[in-house]
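Undergrad: Quick one: the structure is below, questions incoming.
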Amino acid sequence: MGHEVRIKNVTMRFGNTTAVSNLDVHIKAGEFFSFLGPSGCGKTTLLKLISGFLDPTEGRIEINNQDMQGVGPNKRPTAMIFQNLALFPLMTVEENIAFGLEVRGVGKIQRRKKVEDLLDLVDLPHTRQKKVTSLSGGQKQRVAIARALAVEPSVLLLDEPLSALDLKLRKHMRVELRQIQQKTGVTFIYITHDQGEALTMSDRVGVISEGGRLEQVGRPTQIYNDPQTPFVASFVGENNIFQAKIIGQRNGRFLADTPMGTLECVAPAGFEPENFKPGQAATAFVRPETIRLVNGSGVQENQVECLVISQRFEGAFMTMELETKGDTIIHIRQSNNGHEPILKPGENTFISFGADNTLLLATPCDHQTKEPLCPN
Amino acid sequence: MKSFLDNFGKTGSLIVISLVGSWLIFMVIGPQLIALDYSFRHLLPLSRVGGPEDVLTWANYLTLLTNTLHRLIFFKTIWSSIIVTLLALVVCYPISYYMAKIAKASSVSLMMVGIIIPYWINELLRIFAWQLILSDAGILNQILLHLHIIADPVNFRAGNSAVILGMVYAYILFMVFPLYNAMESLDNNQIEGARDLGASWMRIHWKIVIPHSKPGMAVGCIMTFMLAAGSVAAPQLLGSPSSFWFTQIIYTNYETANWNLGTAYSEVLALLCLIFMFFMLKIFKVRLKDLLK
């Protein structure tokens with residue numbers, strides 16, 4: 014069964030660069046937890062800290078309430094699946110899977126039994142004698158999972174193991190990884206830059222930004238629907254981002270001035286009231302799929318007149334690029350209802366988005382440091 | 026072949042091929058055949074060469090079997106060369122591993138230079154340096170005397186040890202490079218993966234690093250053995266009467282104008298090295314093809 018992992022105020026520095034900064038999170042026993050962040054944000058460092066290949070500069074890591082400081086990777090109850098899998102190419106599938114068992118002095122007959130059980134678990138029968146080099150990408154993936162599970166770890170660490178597979182196989186393996194995790198009850202800590210992976214598989218997700226800062230921890234729906242920081246709002250899913258200035262409050266909602274007029278917005282749960290005083294700069298976020306096309310009659314929340322610039326058909330949905338009177342570009346996404354689109358580029362239309370879907374975050378858009386967050 | 030023609034043109038190709046071809050024929054194959062011919066003939070005064078007594082014979086080769094001293098020295102040379110090879114492997118394995126997997130890039134190049142620089146000097150001089158260190162009035166004896174560890178100078182050059190020491194030193198490069206090359210291509214994640222699965226350092230080396238470096242080990246062992254078995258300078262300069270090397274017998278035979286016996290023994294030595302090479306390939310389960318990588 015899985016153990017809980019407590020990462021307590023962990024900081025990791027290499028010379029002058031900080032790879033992980035004051036990261037604090039409690040991963041529950043038997044949980045599928047993903048760390049999601051862009052490449053080079055310190056995710057792999059974090060995994061190496063948990064597995065014991067590195068010791069933190071500050072803070073500590075506890076697994077099953079035991080301090081892991083100074084405990085080597087071969088003594089920790091963790092097993093790691095490497096990004097490139099790191100299977101032993103000179104060994105057969107069986108020798109690979111049995112490697113950790115042999116180390117632990119498990120007898121030959123039990124090893125054979127365990128290998129066969131694991132090959133059943135990862136759905137890879139009759140490959141025991143094969144050389145790992147003769148397997149396909151997906152099969153290697155399964156061998157790597159079996160090899161890591163063979164040592165009965167209470168925590169399994171996965172470093173973007175699906176990144177080498179093609180999209181279809183990757184989607185299939187997501188489902189399977191999740192099933193294996195539920196069958197074994199092992200705590201999975203999964204590292205990825207692919208939000209699709211993080212959101213579909215995980216019980217909870219921790220979003221990490223540059224320099225190994227933990228931005229938000231929550232269930233996938235919370236991360237997507239209620240981002241707490243501008244980084245999460247812009248990194249997870251797509252968002253329309255507007256510079257905003259708070260001008261007041263009405264019916265528990267905030268009113269903010271944006272380049273396309275005054276919008277009604279909501280603040281995130283647990284916001285600090287002193288950051289939402291009138292006159293303060295902020296940023297507003299609207300998801301493309303929450304924006305509706307309307308005919309302009311009647312009174313709608315956050316209604317804006319725009320010009321259609323371009324449309325892109327993507328099968329299940331249609332992406333449209335619109336421009337407001339204030340020269341702001343807005344992307345909207347409409348699900349495909351089976352009809353040809355009515356609007357053509359160059360035509361005018363109205364859009365509306367509910368105040369509940371217009372998130373106001375107190376952090377102002379800073380062109381110096383948060384360039385990607387800023388509307389152009 | 027087509028790209029060769031494209032690169033050099035017709036005239037160029039002809040020149041390159043004829044140059045390489047004549048080098049092979051006149052410098053390599055021709056002399057070898059002449060030597061082979063010598064080895065199958067009796068030593069005769071010049072006046073009787075080509076006469077009725079000048080017939081093909083195994084006599085020179087049979088001398089190695091009948092002459093007890095030569096036979097003993099032959100086997101001793103094999104045995105000592107194997108020891109040199111094993112010692113070089115033991116010394117170079119950790120050096121290569123350190124350079125390939127542990128050291129930072131900057132210190133690797135520094136170590137590399139440190140290993141290569143001695144090879145700017147001729148082998149003869151390098152071995153001569155060891156003579157200065159190991160001789161009765163040499164540096165080592167001076168230091169030990171000065172520190173009162175010994176009362177009288179020690180004859181370090183008695184027996185085989187000085188020769189073996191000198192050779193291990195002289196051929197380190199030929200072991201380090203193939204090993205380093207092989208180890209460097211090992212994915213670090215393999216080592217970390219094995220460690221993560223609970224393996225001790227011993228097991229990681231035994232199961233992961235050594236199997237991966239086998240081709241490098243085979244190349245290193247073959248080169249070191251061939252160089253050791255064929256070395257003249259080290260036994261000549263560092264040796265004692267009891268460390269006589271097979272090459273010294275060959276050398277003496279050439280010197281005393283018995284080229285027939287000399288060439289026969291040379292052929293035996295060449296054959297020995299060839300056999301050793303295939304033996305190594307067998308031991309390390311490496312194919313000839315893999316060596317060329």
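Chains A and B are the protein sequences, given in the same order.
Numbered continuously in the numbering used here, the first sequence closes out at residue 389.
Numbered continuously in the numbering used here, the second sequence closes out at residue 318.
Even for Gly, the Cβ is constructed at its ideal location relative to N, Cα and C.
1. So, at 6 Å on beta carbons, what are the nonlocal neighbours of Thr337/A in its own chain, with the 5 sequence-adjacent residues on each side left out?
2. If you measure between the beta carbons of Ile98/B and Trp270/B, is that distance less than 9 Å?
3. Within 10 angstroms of its Cβ, does Val74/B collect 16 or more other Cβ (buried), or is it exposed?
4. With a threshold of 16 other CB atoms inside 10 Å of the CB of Gly34/B, please say whether the residue is buried or exposed.
5. With H, G and I counted as helix, E and B as strand and the rest as coil, what does DSSP make of Asp179/A?
6. Flag this pair as yes or no: are the beta carbons of Cys117/B and Val201/B separated by less than 9 Å?
7. Where do the ends of the alpha helix (DSSP H) carrying Leu112/B lie?
8. Name, please, each residue of chain B whose Cβ falls closer than 8 Å to the Cβ of Met81/A.
9. Quick check: the Cα distance between Ile221/A and Lys314/B, rounded to an integer number of angstroms?
10. In chain B, what lies closer than 9 Å to Leu59/A by C-beta?
11. So that I know if they touch, is there some Cβ in chain A lying closer than 9 Å to that of Asn206/B?
12. Under the rule that 16 or more other beta-carbon atoms within 10 Å means buried, what is Val138/B, buried or exposed?
13. Which value, in whole angstroms, describes the spacing of the CA atoms of Ile342/A and Ser323/A?
14. Which same chain residues end up closer than 7 Å to Glu384/A when comparing Cβ atoms and leaving out the 5 residues on each side of it in sequence?
15. I'd like to know if Ile308/B contacts chain A, where contact means its C-beta is closer than 9 Å to some C-beta of that chain.
16. Which residue from Gly76/B, Phe181/B and Tyr205/B puts its Cα closest to that of Leu165/B?
17. Which two residues bound the contiguous beta strand (DSSP E) that contains Lys258/A?
18. Could you check what DSSP says for Gln313/A in three-state terms: helix, strand or coil?
19. For Gly367/A, which residues from the same chain have a beta carbon less than 6 Å from its beta carbon, with the 5 sequence-adjacent residues on both sides left out?
20. For the region 92-116 of chain A, which residues have a CB atom closer than 7 Å to at least one CB atom of chain B, in sequence order?
21. What do you get for Val188/A, buried or exposed, if any count of 16 or more other CB atoms within 10 angstroms of its CB means buried?
22. Which partner residues does Ala294/A have in the DSSP bridge list?
23. Per DSSP, Gln152/A is paired with what?
24. Taking the C-alpha atoms as reference points, what is the distance between Phe199/B and Leu297/B?
25. Indicate whether Lys143/A and Val106/A have their beta-carbon atoms separated by less than 9 Å.
26. Which whole-angstrom value is the C-beta distance of Ala42/A and Thr200/A, which I expect to be below 8 Å?
27. Based on the DSSP secondary-structure assignment, which residues constitute the bridge partners of Met333/A?
28. Apart from the five residues on each side of it in sequence, which residues of its chain come closer than 7 Å, Cβ to Cβ, to Met192/B?
29. Of the residues that make up the region 206-236 of chain B, which ones have a beta carbon closer than 8 Å to any beta carbon in chain A?
30. Compute the distance between the beta-carbons of Gly65/A and Arg89/A, then report whether it is under 9 Å.
31. Our contact map puts Ile204/A next to Asp239/A with C-beta atoms below 8 Å; I'd like the distance itself, whole angstroms only.
32. Below 9 Å on C-beta distance, what does Phe66/A contact in chain B?
33. Does the beta-carbon distance from Gly223/B to Val116/A come in below 9 Å?
34. Nearest CA to the CA of Ala375/A: which residue from Gln208/A, Glu327/A, Thr303/A and Phe255/A?
35. In chain B, which residues lie less than 7 Å from Val164/A when you measure between Cβ atoms?
36. Glu129/A to Glu165/A, Cα distance in whole Å?
TA: Judging by the given coordinates:
1. Taking the first sequence and counting its residues from 1, one reaches residue 337/A at position 324. Excluding residues within five positions, the ones whose Cβ falls inside 6 Å are Met273, Val317 and Cys319.
2. Locating residue 98/B in the second sequence gives position 73, where the first residue counts as 1. Locating residue 270/B in the second sequence gives position 245, where the first residue counts as 1. Yes, they are a contact pair.
3. Start at 1 with the first residue of the second sequence, and residue 74/B comes out as number 49. It is exposed - the Cβ of Val74/B has fewer than 16 other Cβ atoms within 10 Å.
4. The sequence position of residue 34/B within the second sequence is 9, counting from 1. So Gly34/B counts as exposed.
5. Position 166 of the first sequence, counted from the start, is the residue given in the question as residue 179/A. The answer is coil: DSSP assigns Asp179/A none of H, G, I, E or B.
6. One-based indexing of the second sequence puts residue 117/B at position 92. One-based indexing of the second sequence puts residue 201/B at position 176. Yes; because the gap between Cβ atoms is below 9 Å, this pair is in contact.
7. Numbered from 1 along the second sequence, position 87 holds the residue referred to as residue 112/B. Here the alpha helix (DSSP H) through Leu112/B covers Thr93 to Tyr122.
8. On the first sequence, residue 81/A is found 68 positions in, with the first residue counted as 1. What Met81/A touches in chain B: nothing, since even the nearest Cβ is about 14 Å away.
9. Mapped onto the first sequence, residue 221/A falls at position 208. Mapped onto the second sequence, residue 314/B falls at position 289. Between Ile221/A and Lys314/B, the C-alpha separation is close to 48 Å.
10. Reading the first sequence from its first residue, position 46 is the one you call residue 59/A. Those do not exist, as Leu59/A stays about 15 Å from chain B at its closest Cβ, beyond 9 Å.
11. Within the second sequence, residue 206/B is the residue found at index 181, counting from 1. Chain A contact via Cβ: absent.
12. Working through the second sequence from its first residue, we reach residue 138/B at position 113. Here Val138/B is exposed, its C-beta having fewer than 16 other C-beta atoms within 10 Å.
13. Stepping through the first sequence from its first residue, residue 342/A is reached at position 329. Stepping through the first sequence from its first residue, residue 323/A is reached at position 310. Near 11 Å, if we compare the C-alpha coordinates of Ser323/A and Ile342/A.
14. Residue 384/A sits at position 371 when you count from the first residue of the first sequence. Unreliable positioning characterises Glu384/A in this predicted model, as indicated by a pLDDT of 42, which lies under 50. A coordinate reading is not provided.
15. Here residue 308/B corresponds to residue number 283 of the second sequence, with the count starting at 1. For Ile308/B, the answer is no, since every Cβ of chain A falls outside 9 Å of its Cβ.
16. The residue labelled residue 165/B in the question sits at position 140 within the second sequence. Taking only the C-alpha atoms, the option nearest Leu165/B is Phe181/B.
17. Walking along the first sequence from the start, residue 258/A turns up at place 245. Counting along the chain, the beta strand (DSSP E) containing Lys258/A begins and ends at Asn253 to Arg263.
18. Mapped onto the first sequence, residue 313/A falls at position 300. The answer is coil: DSSP assigns Gln313/A none of H, G, I, E or B.
19. To locate residue 367/A, count along the first sequence from 1; it is residue 354. Same-chain partners within the cutoff: Glu314.
20. Ala92, Met93, Phe95, Asn97, Ala99, Phe101, Leu103, Phe112, Gly113 and Val116
21. Along the first sequence, one-based indexing puts residue 188/A at 175. Looking at its Cβ environment, which holds fewer than 16 other Cβ atoms inside 10 Å, Val188/A is exposed.
22. Locating residue 294/A in the first sequence gives position 281, counting from the first residue. Note: Ala294/A sits in a beta bridge opposite Lys258/A.
23. By one-based count along the first sequence, residue 152/A stands at place 139. According to DSSP, Gln152/A bridges with nothing at all.
24. Taking the second sequence and counting its residues from 1, one reaches residue 199/B at position 174. Taking the second sequence and counting its residues from 1, one reaches residue 297/B at position 272. Going by the C-alpha atoms only, they are around 19 Å apart.
25. Counting from one through the first sequence, the residue named residue 143/A turns up at place 130. Counting from one through the first sequence, the residue named residue 106/A turns up at place 93. It is a contact, given that the beta carbons lie within the stated cut-off.
26. Here the question's residue 42/A lines up with position 29 in the first sequence. Here the question's residue 200/A lines up with position 187 in the first sequence. Sure, about 6 Å apart at Cβ, within 8 Å.
27. Taking the first sequence and counting its residues from 1, one reaches residue 333/A at position 320. Answer is Gln324/A and Ile345/A.
28. By 1-based counting over the second sequence, the position of residue 192/B is 167. Around Met192/B: Val109, Ala253, Ser256 and Ala259.
29. Within the region 206-236 of chain B, the residues whose Cβ lies closer than 8 Å to some Cβ of chain A are Asp212, Asn214, Gln215, Glu217, Gly218, Ala219, Arg220, Asp221, Leu222, Gly223, Ala224, Ser225, Arg228, Lys232, Ile233 and Pro236, listed in chain order.
30. Within the first sequence, numbered from 1, the residue matching residue 65/A stands at position 52. Within the first sequence, numbered from 1, the residue matching residue 89/A stands at position 76. Yes, they are a contact pair.
31. By 1-based counting over the first sequence, the position of residue 204/A is 191. By 1-based counting over the first sequence, the position of residue 239/A is 226. About 23 Å; that fails the 8 Å criterion.
32. Within the first sequence, numbered from 1, the residue matching residue 66/A stands at position 53. Those are Glu217, Arg220 and Asp221, listed as they occur along chain B.
33. Reading the second sequence from its first residue, position 198 is the one you call residue 223/B. Reading the first sequence from its first residue, position 103 is the one you call residue 116/A. A contact, by the Cβ cut-off of 9 Å.
34. Stepping through the first sequence from its first residue, residue 375/A is reached at position 362. Of the candidates Gln208/A, Glu327/A, Thr303/A and Phe255/A, the one whose C-alpha sits nearest the C-alpha of Ala375/A is Phe255/A.
35. Start at 1 with the first residue of the first sequence, and residue 164/A comes out as number 151. The contacting residues are Leu222 and Gly223.
36. Within the first sequence, the letter at position 116 stands for residue 129/A. Within the first sequence, the letter at position 152 stands for residue 165/A. Cα atoms of Glu129/A and Glu165/A: separation of roughly 15 Å, rounded to the nearest angstrom.
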